[in-house]
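Residue numbers (the UniProt record's numbering): 1 to 433.
Note that CB positions come from ideal geometry on N, CA and C, so glycine has one too.
Okay, structure first, notes after.
Next up, the structure:
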């Protein structure tokens, strides 16, 4: 329905190229409204409410005329001239001054000061009136009175048989009969003018404040503290710390007191400490020379060590052992109390560090492999000097004939090897028969 196929202003498009009048209208130009007995597109649907109501032109929903009710407006209304009925249930809604199921009975109430219950006819008095028919004015100085007796019901701030007195309660309320004051929390006195003294709060100031920090006063109305003294918590600061906690807001854990006993909830100090410990919080070991319960027992003599603060036994320095730490480690052991075996394959080690001592088998092998060939070399040189052979040549020949281990040891000591002449002589000699 676009372009040349577009619908007119009073039409709706139902499918491409097909227009229809809006619900509730008909005619060539869709300008005529449906008669009351019809509804829907082109007014083709019959209205089932007719003639006691009219239909919604789009949905067909019935709207009943006066004095009719029901989904199709098929029932007459029984409410008479002083009421109208509900369009769905038929229940009568009476006009003021009338009551009964059909609104046919007139109320017997003072209409200027009351209204009656439409179901029972009972008079409901307006404020300031009382009696069965609400015909008597209240004499209560603008306060209401009981409908059946006329007894005054004083408003807040007034008291007396006719509410003729004004209350004198600055921070509270008064009794409507006697005028005596009931003070609000935080105040006291005949006229509720006096605040609670420091340290008290609540109704009649009968409650004592908790342990507020630095003895500050609590709230006079509800007893709340801004902060609590160490060892206390809760909004009223009246709850001591649980066992094992101490300090502000009970936020710190107690130290290790004797036998797991709890510490002081305010300071965290212990009543007593486990053996070997001292100090207000049992966090310091016994001083040197003392041990045991409350660190009152003198230590025994420990020549090369210290005594255990709990048991009093000597704890020896590395390299010593014995009940008084007066004996050095036996061969093959080292360390604390000489309890660690030496890692030297049977040889001795340092009693403190466990380092192996230099020597043993490797030292003997070095002496045999280096010093003995060196002594033989010196002896050979001396003989060659006597026989006329040059000392360098004799030395080289001797060294060439040494076993490989001996030559390696001498090279480690700085020997450069045989001279070039000696090597040449040896090669030429090796070629002769």
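Residue 233, buried or exposed, once every other Cβ within 10 Å from all chains shown has been counted against 16: buried
Reference residue 37, options 27, 52, 335, 333, closest by Cα: 52
Report all residues from its chain with a CB closer than 8 Å to the CB of residue 9; omit the five preceding and five following residues, and keep chain order. none
How long is the line joining the alpha carbons of residue 77 and residue 22, rounded to whole angstroms? 34 Å
Between the alpha carbons of residue 65 and residue 99, how many angstroms are there, rounded? 23 Å
Check whether the segment 185-200 and the segment 226-246 are in contact - that is, three or more C-beta pairs closer than 8 Å. no
Is the CB-CB distance between residue 318 and residue 352 below 8 Å? yes
By how many angstroms is the C-alpha of residue 308 removed from the C-alpha of residue 360? Reliability fails at residue 360, whose pLDDT of 44 lies under 50, so the model's placement of it is uncertain and the value that follows must be treated cautiously. Between residue 360 and residue 308, the C-alpha separation is close to 39 Å.
7 Å Cβ shell around residue 253 - same chain, five flanking residues per side excluded: 244, 245
Any C-beta of chain C sitting closer than 8 Å to the C-beta of residue 106? Annotation note: the requested chain C is absent from the structure, which comprises a single protein chain.
What distance in whole Å lies between the Cβ atoms of residue 202 and residue 217, which are believed to be in contact at a cut-off of 8 Å? Between residue 202 and residue 217 the Cβ distance is about 13 Å, and since that is not below 8 Å, they are no contact.
Other residues of its chain near residue 304: CB distance less than 8 Å, five sequence neighbours each side excluded: 316, 317, 319, 320, 325, 326
Alpha carbon to alpha carbon, what distance is there between residue 153 and residue 173? 15 Å
Do you know how far the Cα of residue 46 is from the Cα of residue 33? 14 Å
Suppose you measure from the CA of residue 220 to the CA of residue 169; what does that come to, to the nearest Å? 18 Å
How many whole angstroms separate the CB atoms of residue 237 and residue 212, which I take to be in contact at a CB cut-off of 8 Å? 5 Å
Quick check on the burial criterion: 16 or more other C-beta atoms within 10 angstroms. Buried or exposed for residue 188? buried
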